[in-house]
Every structure is written in structure tokens, then in C-alpha cells.
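Novice:
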Amino acid sequence: MAEQSNSEWRGSVQARKRPNVNQGIAGKQAKPKPGITAPTSLKQLLEIMRPFSQYPTPIRPMGANSTSTQCNSAVGGTVVDMTSLNKITDITERTVTAEAGVTLRELTDFLAERGYEIAGSIDLVNRTVGGAVASGSFGPSHDGETAFIGSQAIAMKVVTAEGKLMEVTEARESLMNMFRISMGALGIVYDVTFKIRPAENFVLKQTKMDITTFSRAATALANQRIGLKFFFLPFKGRIYTELRRAQDVEKPVRELPWRLKDWGETTVLPAICGKLGRIVPIASLRYSLVDGLNDLGQSMFTNTLTECGNNAVQFRNQANGKSEGPPLEYTSWCFPINEIGMLLTAYQTFARDYYRDNKFRCDMPVVGFRLPMDRSALLSPSFDQPMIALRVVSNPHPLWEDFVMDFAEFAQRWGGVPLLNQSRCAEQAYTSGVFGTRLDFFKKMRRQMDPDGRMLNPFLAQYLR
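Just add 241 to the spot in the sequence shown (first one is 1) and you have our numbering.
This is the structure in C-alpha cells:
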């Protein structure tokens, strides 16, 4: 496709509104109260971030607010809701530039209409561009080489903690690597420029395995160019796998199978399992029904519907993050891929023992993803080797918080690498040991860029001060 003018491709997404948001900045106003503010222009964002601004600190950026930790919280301070900055401002044959509030779904659709895509995959398509780059966003990438979509960012504009507009490009690789997966601790991402490529199709192979068979397969796939996503049912000892490989396909890629697949996995199964938790008081009966339902559901939705796809069809048909019940709880850790068999066996024992002793267990399958080795971000969890990201998921339950603390201890015993915005209850000393000198360097540079700690809330301060 020939390169087009900026004006021809300039796109805009209608701003989304949130309740209780301070929209205005221009003109004389009363001192803003702690809470949420939603800038609609770069000028307003710069005003919020200028030195001695009346907006109380800490200042924390927020996109889709999909984090499972307190990463975005700003008690007594200011949360900057970036979702009104949602324009796609430029596209060429090689790049696309979007403001931080554009969702990955919107960006994917925009590119697909023009025959392009961003390399990699994402599992939470309602995340915003800024959040995906600054906090890490991954999925079962069919190219087998891209762990985080942020690795495809080649430039970004950031409003620093000192209220200055800073342009970061690949020409300063070490600085770019610091801003990827920086969790808004270095400043607020205003817009991002990504590399793009012609859209690709992929084939999908789905299989049911036991832990031993899966361990051999995952180890063999560690360094191959293939995407892997799986669903682990620890009380059944079963794993439903999805292998994705880039390949031209003769048959058309249909949307309906992907829509049914996602509807089953993200809406039907969680909703029914959540209702069983409320209407079946006997735990043994309730969880027996839950296991049978999840086993049947994975057989139906994961293994029978889809044979091929592409990013546009897949992401377009993922749920909007809205469901009849409360959102699912989750926590994520990453583990070396060559130890995945022992890890899943250990987790199976952990989950069964925890249920026996505490009468609680997760009612949804554990979701896993293969992460290729990726050194594009200083704080990448797969910086040194390919990893498996495990996401432990459950409907809300009074004992979830206790379970998360014990699961964090389990993850640390097994050498897990935390994602600081998704890994609940990671210990400070353990995290420092895992990231070592990379984290030390990040903290040193962060103090230089934000000497007053304006971007640090208590949650991030425990790791990054």
C-alpha cells in the first residue's frame, strides 16, 4: 500500500465518559480535590503535571484499569484517566501513531481495515495503548517471537514528572527499554508509535493433554516460532492447549466461531460458575459441578470451533469486559518454560491441599501463555529466557485475598518472576533479587527523573523507591 498523507488517515475514537471525573482544567478553578481527572488535550495533561500543580500527589495514570494490583491507585492524590485522549493520529506503510487512550481493539480494527497489524498478541483487548506499553501486555503471539506488544513501540511522547514533554525513540535504545513496562513511574505516556506489518493469518491446533505430555510439548516448543495458550484444570489434571502458527490459509477466516469461543470462555463459563458458588451451599457438590462444567466447556469452546484466524477477527470478537456479575479476580506470575511440568504438578498439589485445609479453591481454569525471551524492556519478566505466564483466575470470593498471599509464597518458592502490575503480594526483597541490577538501574534512573516521587504511590514505592 502506498504511503498516505496524515490527514487522509487521521482517525478519531469517540471519547468514553466516566462518572465523577473532573473534566475541566482551563480557566480559574478551585483547588482540585483528590480523585480522578480526565484530560482531553496535551495542554491539559501538561498542566496537571507541571511543577507545583494544584493537583495533589501521588499522580498515577490510568487506562482501562485492568490491573489486578494497586498500581493505579492514588489515595489522597490524583488519578489521570487517559481514555479521553483517544485519537489515532498517523499511519504510514511502516508505522502507526495513537494517543494513549486508544484501546488495543480500536487500534487493531483501524489497522485491519487497511490490511495491517502490530506483531504480537494481546489477551485483554480493552487495554489502552498507554497501559499496554507501560505495564506489559501479552498473549499467544502466532509469530512465536513477540512476547509483549510494547516491544513493537519505536517511539513515544511522555509527559515527565517535571511537567515536560519528552520524546523517546529507538535511537536511544536504553532509554526506550526503560520506558517499556515502566508502569507510569517515569511519567505519563501521551502517545505511542508502533511498527506495523501486513496482516497475517494463522492456523490453530487444539489438543487435550495430561501434565506429563504437556510438559514434554512445552519444553520442545520453548525456542520455536509458535504461539501457545493453555487452560489448566488442576482438579482434573487436564490441560487444553492452543498452538498458533503463522500460515496462509485457503479457507476464509470466519468471525462466528471466534465469537462463540470467546463468549463461552469469558462470559458463559464464568457466569455459571459464579452462580453455582451462590446457589449450591455444599462445597464438594459445587466444585464437582464446576469441574465438570469447565471440562465440558473447554472441550466445546476450545477444541472444536476454530481452525484458523487472525488478530483482527480474534480481537474484534473478544468480550468488552462487561458481564452480568462482578469482574473476575486474577493474579499472574511467570516461570521458566523448561520447568513447567514440575511447576504444574506442584501447583496441582498446592491447590488440592489448600482446598482441603481452607475450603477454598479457584472456580476457573488457570490460563497460561508462552513468552519468548524478550529484552526490549528493562523489567521484562522473560529477559533471560523463555517463560510461561500463569494467570490464576476466580470469581470473587471472601477467601480470595488469603489465597493470593499463599499463592505468592508458592510462586516465589518456584522461582516465579512477578509482573509488578499483575502479581499480587510479591515480596519486596524477593522482587529485588529476581530483577537484580536491572531493577537497581531502573530505580536510579527513576529517582533522577522524579526526584520528588510524584509518580509513586505506596504500592509502587515498595519496589521502586
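Glycine is no exception: its CB is placed at the ideal position from the N, C-alpha and C atoms.
With distances taken Cα to Cα, identify the nearest neighbour of Q285 among G317, A305, D322, G318.
Specialist: Start at 1 with the first residue of the sequence shown, and residue 285 comes out as number 44. Taking only the C-alpha atoms, the option nearest Q285 is D322.
Novice: Is P299 closer than 8 Å to G318 when the C-beta atoms are compared?
Specialist: Numbered from 1 along the sequence shown, position 77 holds the residue referred to as residue 318. Numbered from 1 along the sequence shown, position 58 holds the residue referred to as residue 299. Between G318 and P299, the gap from beta carbon to beta carbon is short of 8 Å.
Novice: Straight-line CA distance for Q311 to Q703?
Specialist: Walking along the sequence shown from the start, residue 311 turns up at place 70. Walking along the sequence shown from the start, residue 703 turns up at place 462. The straight-line gap from Cα to Cα measures roughly 12 Å.
Novice: Where does E386 sit, in a helix, a strand or coil, going by DSSP?
Specialist: As a working mapping, residue 386 is identified with position 145 in the sequence shown. Three-state DSSP puts E386 in coil, outside helix and strand.
Novice: Give the secondary structure of Q311 by DSSP, where H, G and I count as helix, E and B as strand, and everything else as coil.
Specialist: The count along the sequence shown starts at 1 and reaches residue 311 at position 70. Q311: coil per DSSP, three-state reduction.
Novice: Give the single residue among L427, I480, T330, G428 whose Cα lies nearest to the Cα of Q447.
Specialist: As a working note, residue 447 is residue 206 in the sequence shown. Checked all of L427, I480, T330, G428; the closest Cα to Q447 is I480.
Novice: Ignoring anything shorter than 4 residues or poking outside the stretch 484-524, list the alpha helix (DSSP H) runs there in chain order.
Specialist: 496-504, 510-520
Novice: If you run the structure through DSSP and keep just helix, strand and coil, what is L705?
Specialist: Locating residue 705 in the sequence shown gives position 464, counting from the first residue. Helix.
Novice: Take S248 and list the residues in its own chain whose beta-carbon comes closer than 8 Å to its own, dropping the five residues that flank it on each side.
Specialist: Along the sequence shown, one-based indexing puts residue 248 at 7. Low confidence applies here, because S248 scores a pLDDT of 38, under 50, leaving its location unreliable; read the following figure in that light. Nothing listed; no residue qualifies.
Novice: Under DSSP, the alpha helix (DSSP H) around Q407 begins and ends at which residues?
Specialist: Residue numbering aside, residue 407 sits at position 166 when the sequence shown is read from its first letter. Checking the displayed sequence, the identity of residue 407 turns out to be Met instead of Gln. Looking at the DSSP string, M407 is not in any alpha helix (DSSP H); the run it does join, the beta strand (DSSP E), is 406-410.
Novice: Go ahead and pull the three-state DSSP assignment for V366.
Specialist: In the sequence shown, the residue the question calls residue 366 occupies position 125. Three-state result, V366: coil.
Novice: Closest to M628 by C-alpha separation, out of L287, L469, Q689, would be which residue?
Specialist: Taking the first residue of the sequence shown as 1, we reach residue 628 at position 387. Nearest of L287, L469, Q689 to M628, Cα basis: L469.
Novice: What first and last residue would you give for the alpha helix (DSSP H) that runs through T349?
Specialist: Indexing the sequence shown from 1 puts residue 349 at position 108. From DSSP, the alpha helix (DSSP H) with T349 extends over 345-353.
Novice: Measure the C-alpha to C-alpha separation of P522 and L569 and round it to an integer number of angstroms.
Specialist: What you label residue 522 is simply residue 281 of the sequence shown in a count that begins at 1. What you label residue 569 is simply residue 328 of the sequence shown in a count that begins at 1. The straight-line gap from Cα to Cα measures roughly 20 Å.
Novice: Could you spell out where the beta strand (DSSP E) holding S573 opens and where it closes?
Specialist: Taking the sequence shown and counting its residues from 1, the one referred to as residue 573 is at position 332. Looking at the DSSP string, the run of the beta strand (DSSP E) that includes S573 is 570-577.
Novice: Taking buried to mean at least 16 other C-beta atoms within 10 Å of its own C-beta, is Q488 buried or exposed?
Specialist: Counting from one through the sequence shown, the residue named residue 488 turns up at place 247. The residue is exposed, with fewer than 16 neighbouring Cβ atoms inside 10 Å.
Novice: Could you name each continuous alpha helix (DSSP H) segment of 4 residues or more that falls completely within the stretch 437-491, going from the start of the chain to the end?
Specialist: 452-461
Novice: Can you look up E340 in the DSSP assignment and give me helix, strand or coil?
Specialist: Walking along the sequence shown from the start, residue 340 turns up at place 99. Correct three-state label for E340: strand.
Novice: Is it right to say P567 is buried, meaning 16 or more other beta carbons lie within 10 angstroms of its own, or is it exposed?
Specialist: Position 326 of the sequence shown, counted from the start, is the residue given in the question as residue 567. When all chains shown are included, P567 counts as exposed.
Novice: Under the rule that 16 or more other beta-carbon atoms within 10 Å means buried, what is D432, buried or exposed?
Specialist: Along the sequence shown, one-based indexing puts residue 432 at 191. Buried, since its Cβ has 16 or more Cβ neighbours within 10 Å.
Novice: So, helix, strand or coil for F624, using DSSP?
Specialist: Within the sequence shown, numbered from 1, the residue matching residue 624 stands at position 383. F624 sits in coil when the DSSP states are folded into three classes, being neither helix nor strand.
Novice: With DSSP as the reference, label I581 as helix, strand or coil.
Specialist: What you label residue 581 is simply residue 340 of the sequence shown in a count that begins at 1. In this structure, I581 counts as helix in the three-state DSSP scheme.
Novice: Would you give the residue range spanned by the alpha helix (DSSP H) that V645 belongs to?
Specialist: Within the sequence shown, residue 645 is the residue found at index 404, counting from 1. Here the alpha helix (DSSP H) through V645 covers 641-654.
Novice: According to the neighbour-count rule (16 or more other Cβ atoms, all chains shown, within 10 Å of its Cβ), is G533 buried or exposed?
Specialist: If you number the sequence shown from 1, residue 533 lands on position 292. Label assigned to G533: exposed.
Novice: Sorted by chain position, which residues of the same chain lie with C-beta nearer than 7 Å to W711's C-beta, five sequence neighbours on each side aside?
Specialist: Limits of the chain in this structure are 242 at one end and 706 at the other, which puts residue 711 out of reach.
Novice: Which residue's Cα is closest to the Cα of S673: E580, T410, V658?
Specialist: On the sequence shown, position 432 is the one that residue 673 refers to. Comparing Cα-Cα distances from S673 to each of E580, T410, V658, the minimum goes to V658.
Novice: Thinking C-alpha only, which one of S573, L416, T324 is nearest V343?
Specialist: The residue labelled residue 343 in the question sits at position 102 within the sequence shown. Nearest in C-alpha terms to V343, of all of S573, L416, T324, is T324.
Novice: Just to check my reading of the structure: N552 and V490 have Cβ atoms closer than 8 Å, yes? What is that Cβ distance to the nearest angstrom?
Specialist: Locating residue 552 in the sequence shown gives position 311, counting from the first residue. Locating residue 490 in the sequence shown gives position 249, counting from the first residue. Not a contact, Cβ separation roughly 14 Å.
Novice: Cα separation between I578 and A305?
Specialist: Taking the first residue of the sequence shown as 1, we reach residue 578 at position 337. Taking the first residue of the sequence shown as 1, we reach residue 305 at position 64. The alpha-carbon atoms of I578 and A305 are separated by roughly 30 Å.
Novice: Kindly list the residues whose CB is nearer than 6 Å to the CB of Q555, restricted to its own chain and excluding five residues on each side of it in sequence; keep chain order.
Specialist: Translated into the one-based positions of the sequence shown, residue 555 becomes position 314. By the criterion of a C-beta distance shorter than 6 Å, Q555 is surrounded in its chain by W499, once the five residues flanking it on both sides are discounted.
Novice: Quick check on the burial criterion: 16 or more other C-beta atoms within 10 angstroms. Buried or exposed for L640?
Specialist: Residue 640 sits at position 399 when you count from the first residue of the sequence shown. Its Cβ having fewer than 16 others within 10 Å, L640 is exposed.
Novice: DSSP three-state label for G538, please.
Specialist: As a first step, residue 538 is located in the sequence shown; it is residue number 297 there, counting from the start. Helix.
Novice: Please identify the residue among K328, L352, V370 whose C-alpha is closest to the C-alpha of I345.
Specialist: Translated into the one-based positions of the sequence shown, residue 345 becomes position 104. The residue you asked about is not Ile; residue 345 is Leu in the sequence shown. Comparing Cα positions, the closest option is V370.
Novice: With a threshold of 8 Å on Cβ separation, who are the neighbours of A524 within its own chain once the five nearest residues in sequence on each side are excluded?
Specialist: Locating residue 524 in the sequence shown gives position 283, counting from the first residue. The answer, listed in chain order, is K600.
Novice: Give me whichever residues DSSP pairs with I429 in a beta bridge.
Specialist: To locate residue 429, count along the sequence shown from 1; it is residue 188. Beta-bridge pairing links I429 to V400.
Novice: Let's see if you can read the secondary structure: which residues bound the alpha helix (DSSP H) around R301?
Specialist: Position 60 of the sequence shown, counted from the start, is the residue given in the question as residue 301. R301 -> not in any alpha helix (DSSP H); beta strand (DSSP E) instead, spanning 300-303.
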